[in-house]
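Enquirer: Per my numbering, the sequence shown starts with residue 104, numbered consecutively. Below is one structure. I have some questions about it.
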Amino acid sequence: MRTQVAIIGAGPAGLLLGQMLHQAGIDNIILERQSAEHVLSRIRAGVLEQITVDLLDQVGVGARMHHEGLVHDGFALSFGGSKHRIDLHQLTGGKTVMVYGQTEVTRDLMVARAAAGLSTVYEAADVELHDFDGTQPCVSYGRIGSRQRIDCDFIAGCDGYHGVSRASVPAAAITNYEKVYPFGWLGVLSDTPPVAEELIYSNHERGFALCSMRSPSRSRYYIQCPLTEKLADWSDQNFWDELRRRLDPATAEALITGPSIEKSIAPLRSFVAEPMRFGKLFLAGDAAHIVPPTGAKGLNLAASDVRYLSQAMIEFYGERSQAGIDHYSARCLRRIWKAERFSWWFTSLMHRFPDDGLIGHKLQSAELDYLVGSRAASTVMAENYVGLPFDA
Ligand code: RFL
Ligand code: PHB
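Structure follows, in structure tokens:
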């Protein structure tokens, strides 16, 4: 088999890249380790920046998002017993975010890919990347007992943090920057009406909490928990009780609880691998970088990498220009490090750190008080939350 671009991973990065390339007449095949059902069962991101919304529109998959997604023009910070609104719309000159689940983005992209008759190999086992630093790159994989091979011009590594693409790069050619946080997020999805119309990020002595949503009848809540915590020890009742304790009294009073339909613990990490290009291999999305979820940046960064990568490939095939390819890594990283900084800062501001003691909480309270009281500080926060412009 032969294709122009072999894409590893059918998460949002791989699927979006596939659509953008297809729209430009560039042939591609996606290899995914899991089944389509498994990919759709993962509950992850919920907040899309305008830039991501625009890209989904551009590839023609925005209709359901505009119909079912919720446009938010602000969110709240809860601390010291009360809630303070950050007015994104006003502080950024009219920008907003879209609350629409990653599962739905993935489903819309899968449907569009199938409708266009594009090839996706699900349950591709033991994918291997070959000769990406040479002249004849190819990928091989196992499927129903036999080994297959795809020759290609380029390989796009969109296979997430645990994927094979970054792991195939010789250690001497890559630098990893990493910070692992001493806690995780315990998340619950439930078919209950969200506690408020907008998201609430709560700083509390007992730990961070987040009230989010997927629709007017489906809520997504998270609480900070120690990494040693076991899911089996968290009954729904324990989760709701702990969440309620970490919210301001008015929000706690309004919380409607019900049975969980999904419950999981996610570790928190800041991670960047540099560079993001190795000859004919490009890393994009979580394969190259991870942010802690506090700023809702992960999926949005994956989308912005894909925008740069598709542009580079379109320039290469259309104008025989290497420029976009040569600049890919530096262009992506400039945006990535700013999102890394914001996500680290917001995480540090909102969570309990085991070693920070009483003074840590006092300093956070002072910063939060300053943040909501200063238009300049609120503007910095809002500008980062809605997403920095592409070439900032
Ligand atoms: P993904 O989604 O991990 O997809 C990678 C795909 O590659 C496949 N794969 C392989 N395929 C073939 N061969 C191999 N050897 C392979 N190894 C792996 C995997 O099966 C998978 O299908 O990466 P991608 O596409 O880069 O997308 C990134 C996003 O998924 C991620 O950044 C976000 O989910 C992060 N995130 C959030 N991002 C936001 O922008 N806004 C949010 O509100 C937000 N909330 C979150 C989040 C992530 C969370 N968790 C669970 C880490 C909330 C949470 C709790
Ligand atoms: C979510 O709804 O899953 C979500 C929302 C905002 C975040 C992180 C996760 O910052």
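For each residue, glycine too, the CB sits at the ideal point set by N, CA and C.
If you pair each beta-carbon of the stretch 454–463 with each one of the stretch 270–288, do three or more pairs fall below 8 angstroms?
Expert: As far as the Cβ criterion goes, the stretch 454–463 touches the stretch 270–288, which means the pair count is three or higher.
Enquirer: Put residue 306 into one of helix, strand or coil per three-state DSSP.
Expert: Residue 306 sits at position 203 when you count from the first residue of the sequence shown. Coil, per DSSP.
Enquirer: Which residue wins for smallest C-alpha separation from residue 242, given the options 463, 258, 208?
Expert: For this step, residue 242 is matched to residue 139 along the sequence shown. Closest by alpha carbon: 258.
Enquirer: Going along the chain, which residues of its own chain have a beta-carbon closer than 6 angstroms to the beta-carbon of residue 225, five neighbours each way excluded?
Expert: Here residue 225 is taken as the residue at index 122 of the sequence shown, counted from 1. Answer for residue 225: 135, 138, 139, listed in chain order.
Enquirer: For my contact list, residue 198 and residue 153 are in at a C-beta cut-off of 8 angstroms; report their separation, rounded to the angstrom.
Expert: Position 95 of the sequence shown, counting from 1, holds the residue named residue 198. Position 50 of the sequence shown, counting from 1, holds the residue named residue 153. Correct: roughly 6 angstroms between the Cβ atoms.
Enquirer: Taking the alpha helix (DSSP H) that residue 125 falls in, what are its first and last residues?
Expert: Looking up residue 125 in the sequence shown gives position 22. Segment 115–126, the alpha helix (DSSP H) holding residue 125.
Enquirer: What are the boundary residues of the beta strand (DSSP E) that residue 364 is part of?
Expert: Residue numbering aside, residue 364 sits at position 261 when the sequence shown is read from its first letter. Its beta strand (DSSP E) spans residues 363–377.
Enquirer: What I want to know is whether the C-beta of residue 153 ends up closer than 6 angstroms to one or more non-hydrogen atoms of ligand 1.
Expert: The count along the sequence shown starts at 1 and reaches residue 153 at position 50. Checking every heavy atom of ligand 1 against the Cβ of residue 153, none is found closer than 6 angstroms.
Enquirer: Do you know whose CA, among 433, 425, 314, 288, lies nearest residue 357's CA?
Expert: As a working mapping, residue 357 is identified with position 254 in the sequence shown. When only C-alpha atoms are compared, the closest one is 314.
Enquirer: Taking 6 angstroms as the line, does the beta carbon of residue 70 fall inside it for any heavy atom of ligand 1?
Expert: No answer is possible for residue 70: it lies beyond the span of the chain, which begins at 104 and ends at 495.
Enquirer: Cβ of residue 118 within 7 angstroms of Cβ of residue 212?
Expert: Taking the first residue of the sequence shown as position 1, residue 118 is located at position 15. Taking the first residue of the sequence shown as position 1, residue 212 is located at position 109. Result yes, Cβ atoms of residue 118 and residue 212 sit closer than 7 angstroms.
Enquirer: Is it the case that the CB of residue 444 approaches a heavy atom of ligand 2 more closely than 6 angstroms?
Expert: Walking along the sequence shown from the start, residue 444 turns up at place 341. No, since every heavy atom of ligand 2 falls outside the 6 angstroms radius drawn around the Cβ of residue 444.
Enquirer: Hey, how far is the Cα of residue 368 from the Cα of residue 193?
Expert: Here residue 368 refers to the residue found at position 265 of the sequence shown. Here residue 193 refers to the residue found at position 90 of the sequence shown. Using only the alpha carbons, I get a separation of about 35 angstroms.
Enquirer: DSSP beta-bridge partners for residue 244?
Expert: Walking along the sequence shown from the start, residue 244 turns up at place 141. Residue 244 pairs with 251.
Enquirer: So, helix, strand or coil for residue 457, using DSSP?
Expert: Position 354 of the sequence shown, counted from the first residue, corresponds to residue 457. Correct three-state label for residue 457: coil.
Enquirer: Provide the residue(s) that pair with residue 131 in DSSP beta bridges, ordered along the chain.
Expert: By 1-based counting over the sequence shown, the position of residue 131 is 28. The partner list for residue 131 (beta bridge, DSSP) reads 108.
Enquirer: Could you tell me the boundaries of the alpha helix (DSSP H) in which residue 486 lies?
Expert: Taking the first residue of the sequence shown as position 1, residue 486 is located at position 383. Per DSSP, residue 486 belongs to the alpha helix (DSSP H) from 478–489.
Enquirer: Taking the Cβ atom as the reference point for each residue, do residue 229 and residue 245 lie within a distance shorter than 7 angstroms?
Expert: Here residue 229 is taken as the residue at index 126 of the sequence shown, counted from 1. Here residue 245 is taken as the residue at index 142 of the sequence shown, counted from 1. Against a cut-off of 7 angstroms, the Cβ pair of residue 245 and residue 229 comes out as a contact.
Enquirer: Counting only runs of 4+ residues fully inside the stretch 142–169, write out the alpha helix (DSSP H) ranges in chain order.
Expert: Within the stretch 142–169, the complete alpha helix (DSSP H) runs of at least 4 residues are 153–161.
Enquirer: From which residue to which residue does the beta strand (DSSP E) around residue 230 run?
Expert: In the sequence shown, counting from the first residue as 1, residue 230 sits at position 127. Taken as a continuous stretch (DSSP letters only), the beta strand (DSSP E) holding residue 230 covers 228–233.
Enquirer: Is the closest heavy atom of ligand 2 to the C-beta of residue 177 under 6 angstroms?
Expert: In the sequence shown, counting from the first residue as 1, residue 177 sits at position 74. It does not: the Cβ of residue 177 is nowhere closer than 6 angstroms to a heavy atom of ligand 2.
Enquirer: For residue 280, list the residues DSSP reports as bridge partners.
Expert: Residue mapping note: residue 280 aligns to position 177 of the sequence shown, counting from 1. Its beta-bridge partners are 375.
Enquirer: What span of residues does the alpha helix (DSSP H) with residue 417 cover, start to end?
Expert: Position 314 of the sequence shown, counting from 1, holds the residue named residue 417. 401–422 is the span of the alpha helix (DSSP H), which, as asked, contains residue 417.
Enquirer: Would the beta-carbon of residue 185 be found less than 6 angstroms away from any heavy atom of ligand 2?
Expert: Taking the sequence shown and counting its residues from 1, one reaches residue 185 at position 82. No - ligand 2 has no heavy atom lying nearer than 6 angstroms to the Cβ of residue 185.
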